[in-house]
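With my numbering applied, the sequence shown corresponds to residues 4 to 147, in that order. Cβ coordinates follow ideal geometry from the N, Cα and C atoms, glycine included. Structure, as structure tokens:
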Amino acid sequence: MSRFMKLSHTIWHCHYHVVWTPKYRFRILHGPVKQEVESCIRAFSEQKSCNIQELNVQIDHVHLLVMVPPKLSVSDYVGMVKGRTAIRVFNKFRKLKSKPYWGNHFWTKGYCVDTVGLDSEKIRAYVKYQEKQEQRIDQQQLDM
């Protein structure tokens, strides 16, 4: 099976590693908020025909390994996912919006994106297992 995808006049393989954080990097992405963010990212990606290879929502940031078709720009995709997810989270968890520091923004303004070439399996493993690594580091710091 080819790693390339097909559109009517295009054969493509546009693979991206995207990372973004909640505003002020608050450690808010856990429990039901984490579940809502994950389900929103998956649903909105599917609507835009984007294929999620790996998704890891950690307590203070999101890692996403995704294939975005060339008819959709990465900035449009990330903007759509972040914007719609913020609306859904604020509507479902109204207590969050009552805090004055949010200012109607759930996510920070920017994001980090990197293209993924032939080393996609290494990036995928990094995204998948980063949470375990961070937990191990946190535990080591507590033991000191």
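{"query": "Where does the unbroken beta strand (DSSP E) through residue 117 begin, and where does it stop?", "result": "115-118"}
{"query": "Taking residue 21 and residue 92 to be in contact with their CB atoms under 8 Å, please state how far apart those CB atoms are, rounded to whole angstroms.", "result": "About 18 Å separates the two Cβ atoms, so there is no contact after all."}
{"query": "For residue 61 and residue 24, what's the separation of their Cα atoms in angstroms?", "result": "9 Å"}
{"query": "When you compare only the Cα positions, how much space is there between residue 116 and residue 85?", "result": "14 Å"}
{"query": "Below 8 Å on the Cβ atoms is my guess for residue 53 versus residue 71; work out the distance and round it to an integer in Å.", "result": "5 Å"}
{"query": "Please determine if the region 88-106 and the region 35-50 are in contact, where contact requires at least 3 C-beta pairs separated by less than 8 Å.", "result": "yes"}
{"query": "Compute the Euclidean distance between the alpha carbons of residue 120 and residue 17, then round it to the nearest angstrom.", "result": "9 Å"}
{"query": "Report the CB separation of residue 65 from residue 19 in whole angstroms; it is logged as a contact under 8 Å.", "result": "Going by Cβ atoms, the distance from residue 65 to residue 19 rounds to 13 Å, so no, they are not a contact pair."}
{"query": "Would you say residue 9 and residue 108 are within 7 Å of each other, going by their C-beta atoms?", "result": "no"}
{"query": "Got a sec? Which residues, its chain only, sit under 6 Å from residue 30 by beta carbon, not counting five neighbours each side?", "result": "62 and 63"}
{"query": "Please name the residue or residues paired with residue 19 in a DSSP beta bridge.", "result": "69 and 118"}
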